[in-house]
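Only one structure is covered here, and it is reproduced in the block below.
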Amino acid sequence: MSTDYKRFDDGPSGLELNAPAYSRSPQQVGTSPHGVVVNQPQAVPPMGGINQTVIIQQSGGKTWSTTLCSCTSDMESCCLVALCGPCYECWFHSKNNESCCTPICVPGATIALRTKIRTQHNIMGSIIDDCCVVCCCNPCALCQMKREYDIIQREQVVTTVTTSTMQDYQY
1 MSTDYKRFDD GPSGLELNAP AYSRSPQQVG TSPHGVVVNQ PQAVPPMGGI
51 NQTVIIQQSG GKTWSTTLCS CTSDMESCCL VALCGPCYEC WFHSKNNESC
101 CTPICVPGAT IALRTKIRTQ HNIMGSIIDD CCVVCCCNPC ALCQMKREYD
151 IIQREQVVTT VTTSTMQDYQ Y
């Protein structure tokens, strides 16, 4: 790069500014005899590193532990949802580390929570499945999510107890 300086005059005030003038070498791009560009400039790879793509393959996933209509296996949740669904919905969001105001303030919050639970615990399905289930039968969806939540909590307690017991027996 050359560092020749050009003088800029700001008119009658006499203010002068000396700024470096940089010369750039033009990037060579292939052209045909007809003046048509035949190849594009290529991006310069970053210096000092190797880009590596890591692909993580997950197993197919599992299904929900209970069916959508298994309310008889959890009559407490079924009755609470039937008597005061909005309160139960707010409580359940808070149990899942979300604000209790989420179902009131965010349209589709229960769809988002169902998707969150499903993806965190590798349960098969899609967002459209979650949307259809919640929109068609919100009370049943809430009860199913609560049953899944309870099963996951029990599994975590068993895993924690088993791990601590195994550590107690190590020398």
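Using the UniProt record's numbering, the first residue of the sequence shown is number 1, and each one after it goes up by one. Backbone N, C-alpha and C define an ideal beta-carbon position, used for all residues, glycine too. Source: prediction; values computed, not measured.
Where the alpha helix (DSSP H) containing glycine 125 begins and where it ends: Counting along the chain, glycine 125 falls outside any alpha helix (DSSP H), and DSSP gives it neither H nor E.
message: Let me confirm a value: serine 77 is counted as buried when at least 16 other C-beta atoms fall within 10 Å, else exposed. Which label applies?
response: Burial is judged here by how many other beta carbons sit within 10 angstroms of a residue's own beta carbon; serine 77 has at least 16 and is buried.
Whole-Å CB distance - methionine 124 paired with threonine 63, under 8 Å assumed: 6 Å
task: Would you decide whether glutamate 89 is buried or exposed? Buried here means 16 or more other CB atoms lie within 10 Å of its CB.
output: Residue environment: glutamate 89 is assigned as buried (16 or more neighbouring CB atoms within 10 Å of its CB, all protein chains considered).
message: Distance check for valine 81 and cysteine 143, CA to CA, integer angstroms please.
response: 8 Å
Own chain residues within Cβ distance below 7 Å of glutamate 98, not counting five before or after: Leu113
message: With a threshold of 8 Å on Cβ separation, who are the neighbours of asparagine 96 within its own chain once the five nearest residues in sequence on each side are excluded?
response: Leu113, Lys116, Ile117 and Tyr149
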